[in-house]
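Numbering (UniProt numbering), first residue to last: 1 to 197.
All residues carry an ideal CB built from backbone N, CA and C; glycine is no exception.
Just below is one structure, and these are the notes that go with it.
Following this line, the structure appears as structure tokens:
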């Protein structure tokens, strides 16, 4: 599945004839399947998890400092804290990979996900909504954890603000993806990727 080709999108937007009421006369969709909410959510979440994991793998001591109240920043991280942060990193990468693969955002040939031949040929992915719902739950719970630090003057730091707003934004985008009409969300639409029974 190609990444959004901006030149093709620009060409389609430029040549779409508009009627007097502003609606496009062309029956061809103006925006390709890769720009639907489904792909925005899945790849946005995967990117968010990957950035968080990279920080934890590259410099776990820095991340430990993020979770400590400002009064305890002078403490030296112990082995258990470093282990927990690195384990969290691999868990975040696992969630990112599972979301991308199980939701069907990137079809991987040869992997059986319980689809029939007809579903595979039509691009149907039966687990996309379940994967998104589970991931939204993770964003909500992670956001609640960050919020507990964010609201306390004794625990606030910039990373908690980024966590609250990042998790909240992705949770809202995920919910919008689940409740939006199929043409907008990409779930169950006539495009090939991301369709659900």
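From which residue to which residue does the alpha helix (DSSP H) around residue 154 run? That residue, residue 154, is in no alpha helix (DSSP H); it is neither H nor E in DSSP.
Of all the options 56, 87 and 103, which has the alpha carbon lying nearest to the alpha carbon of residue 130? 103
Less than 8 Å separating the beta-carbons of residue 99 and residue 46? yes
Would DSSP call residue 166 helix, strand or coil? Of the three classes helix, strand and coil, the one that applies to residue 166 here is helix, per DSSP.
Leaving out the 5 sequence neighbours to the left and right, which residues in its chain are closer than 8 Å to residue 50 when beta-carbon positions are compared? 92, 93 and 96
Three-state class that DSSP yields for residue 135 in the structure shown: helix
Which of helix, strand or coil does DSSP assign to residue 30? Confidence is the limiting factor: at residue 30 the pLDDT is only 47, short of 50, which leaves the residue's position unreliable and the question unanswerable from this model.
In terms of residue numbering, what span does the alpha helix (DSSP H) encompassing residue 235 cover? Nothing can be reported for residue 235: it is not among the residues displayed for the chain, which extend from 1 to 197.
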